[in-house]
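There are 2 protein chains.
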Amino acid sequence: MGRWEADASGRLREAALQLYVERGFEQTTVAEIAARAGLTARTFFRHFADKREVLFGGAADLQAHLVDALATAPTSASPMQAVGAALDAAAAALGQHREHSVQRQSVINSNAELRERELIKMATLSNALAEGLRQRGVHEPDASLAAETGIVVLRVAYERWISEPDGPDLAQTMRDALDRLKTVAG
Amino acid sequence: MGRWEADASGRLREAALQLYVERGFEQTTVAEIAARAGLTARTFFRHFADKREVLFGGAADLQAHLVDALATAPTSASPMQAVGAALDAAAAALGQHREHSVQRQSVINSNAELRERELIKMATLSNALAEGLRQRGVHEPDASLAAETGIVVLRVAYERWISEPDGPDLAQTMRDALDRLKTVAG
């Protein structure tokens, strides 16, 4: 993908988010998103399958970051330490643009279909982490328990980070949540 | 609901499950389910909104059992101990009819729409448990962490129980998974 194409994708994403916040997700059309970005609907569909996918385009990249961090964690790391390394990678990928994340989350929370899509994304991430742990030699049920618990920490920390404008950054919020989990579960 | 009505609901559920296993969920019509149960489609729709709801009719009861067990756990119980009491109640409600559960799960696993519905059911359960914990005076993020981790244990144990015909019963499988979680997270 050339530089111009990457810009088109970013402009479409930004235009879509603006419109979803202003008018609501259901009320926004692809034609309006393209017009706001100064592009055509045809260009939109070269980048995104539908207006829902604009909000979830980063899912595959996010998963790749997490799985990679899990795979390259030291052999000596416990399953939960390896998951912790994956959460650090998630924080680095997700924690850069707080205002954008806040807006995206408010759009998702306001629409049942989008909330479902987000649940599926998290379940897919969780399965990928469990598979990564099994490849590290972790047996069941430990692999699934550590992976799914890791995704719980990611979600709880992410919600907290979104809702606390003056709180710590996402990486710190995730580490705090992981610590609390140890206390709560122990 | 009278005795005859309760029987109708049970017969429809049994007929639907048989047909979903024999022909697949998509290929089965409400008319066929009603005919197999010796009832009319009109009776079907008095009990269930659609053929998907036949598989999820017990969700509200299950949630009531869990929330009740959480609320009546001793005041001295830690958040995770209270969640453990809720999981015992879940095992009592879900663990009675293994063969039925195995068939239901195979139908759900074979259909993306049903898998999504199951994810939503689990997220709803999780939110109800977190609310129950907050009513017990547990603060955030501990309430969400304990509730969501409890649902992870429920799901992982349930899958294990389904896949191991000669394994321990569901209550024991849940307690084992909760113990493993303490080791994994600790």
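Chains as they are written, first to last, in UniProt numbering: chain A, 1 to 186; chain B, 1 to 186.
No residue lacks a Cβ here, since even glycine has one placed at the ideal position from N, Cα and C.
Computed from a predicted model, the values in this text were never measured in an experiment.
Nearest C-alpha to B:L133 among B:Q81, B:V54, B:V30 and B:D166: B:Q81. The beta-carbon of B:S144 is placed less than 9 Å from the nearest beta-carbon of chain A. B:S9 and A:R160 have their alpha carbons spaced roughly 43 Å apart. Nearest Cα to B:R36 within the set B:I120, B:E113 and B:L19: B:L19. For a Cβ distance threshold of 7 Å, residue set V184 of chain A lies close to B:P79, ordered along the chain.
The beta carbons of B:S110 and B:F25 sit closer together than 9 Å. A:A123 reaches chain B at L119, counting residues in chain order whose Cβ is nearer than 7 Å.
A direct Cα-Cα distance of roughly 19 Å separates A:Y158 from B:A185.
When the five nearest sequence neighbours on each side are left out, the beta carbons in the same chain lying within less than 8 Å of the beta carbon of B:R115 are those of I108 and N109, in order along the chain. Using a Cβ-Cβ cut-off of 7 Å, A:A85 is close to nothing in chain B; its nearest Cβ partner there is about 15 Å away. With at least 16 other beta carbons inside 10 angstroms of its own, A:Q63 counts as buried. Against chain A, the CB of B:P141 has a partner CB under 9 Å away; the residue lies at that interface. About 6 Å separates the beta carbon of B:V54 from that of B:R13, a gap short enough to meet the 8 Å contact definition. Within 9 Å of the CB of B:T72, no CB atom of chain A is found; the nearest one sits about 21 Å away.
Residue-level contact by beta carbon holds for B:R180 and chain A, with a gap shorter than 9 Å. For the segment 167-179 of chain A, the residues whose beta carbon sits under 7 Å from a beta carbon of chain B are, in order, A177. Around B:R160, the beta-carbon contacts reaching into chain A at under 8 Å are E140 and P141. As the crow flies, the alpha-carbon of A:S78 is around 20 Å from that of B:L145.
DSSP places A:A37 outside both helix and strand once states are collapsed to three, so it counts as coil.
Secondary structure of A:S101 (DSSP, three-state): helix. By the rule that beta-carbons nearer than 9 Å mark a contact, A:A15 does not touch chain B. The C-beta of B:S126 has 16 or more other C-beta atoms within 10 Å across all chains shown, which makes the residue buried. Within 9 Å of the CB of A:E131, no CB atom of chain B is found; the nearest one sits about 15 Å away. Close CB contacts of B:D169 within its chain, under the 7 Å cut and outside five residues either way in sequence, are with G95 (chain order).
In this structure, the beta-carbon distance from B:V30 to B:F44 falls below 9 Å. Spanning the alpha carbons of A:H139 and B:A91 requires a straight line of approximately 24 Å. Less than 9 Å separates the beta-carbon of A:A71 from that of A:R136.
Secondary structure within the UniProt domain "HTH tetR-type" (6-66) of chain B: the alpha helix (DSSP H) runs of 4 or more consecutive residues, fully enclosed, are 30-36 and 41-47 (chain order). Against chain A, the beta carbon of B:E116 has neighbours under 7 Å at E116 and I120, listed in chain order. Comparing alpha-carbon positions, the option among B:A59, B:R42 and B:H97 lying closest to B:I162 turns out to be B:H97. In this structure, B:A147 keeps its C-beta atom at 9 Å or more from the C-beta atom of A:P141.
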